[in-house]
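Contents: one structure, followed by commentary.
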Amino acid sequence: MEWQNGIEDNPDVPFYTCVFEEMKLNPEEGVKKLNQFLGTGCSEELCEQIADACNFTKMKQAKKNTAPPMVNALFKGNKIAFYRKGEVRDMKN
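Quick note: the sequence shown uses UniProt numbering, first residue 1, plus one each step.
Okay, structure coming up:
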């Protein structure tokens with residue numbers, strides 16, 4: 001894949017990857033790993049709060065409640081077209 005070549009060709013550039021399936025299984029651990037990579041120094045408690053706030057259901061609801069007018073083009077009635085089901089192996093929804 002092209003992006004993998006970019007990583008290999010630029011070993012001096014920090015690059016972080018996260019996989020949806022891993023984040024779905026253990027979001028707290030994923031946020032902690034990202035925190036470590038970025039060196040933000042967030043506490044474990046804050047990482048857990050971030051993971052909770054980024055829960056698919058909460059983010060979908062928040063987008064519905066706070067979407068700016070420019071984003072309303074992504075809506076179909078009350079359904080948000082941008083979000084899928086948030087499930088692993090969800091290519092056909």
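For glycine and all other residues, C-beta sits at the position ideal for the given N, C-alpha and C.
In the structure shown, Val13 falls within a coil segment according to DSSP collapsed to helix, strand and coil. Where Met23 is concerned, the enclosing alpha helix (DSSP H) starts and stops at 20–25. Leaving aside the five residues that flank Lys32 on each side, the residues in its chain whose CB is nearer than 8 Å to its CB run, in chain order, Glu44, Cys47. Secondary structure at Gly6: helix, using DSSP grouped into helix, strand and coil. Nearest to Leu25 by alpha-carbon distance, out of Lys60, Gln61, Met59, Ala51, is Ala51.
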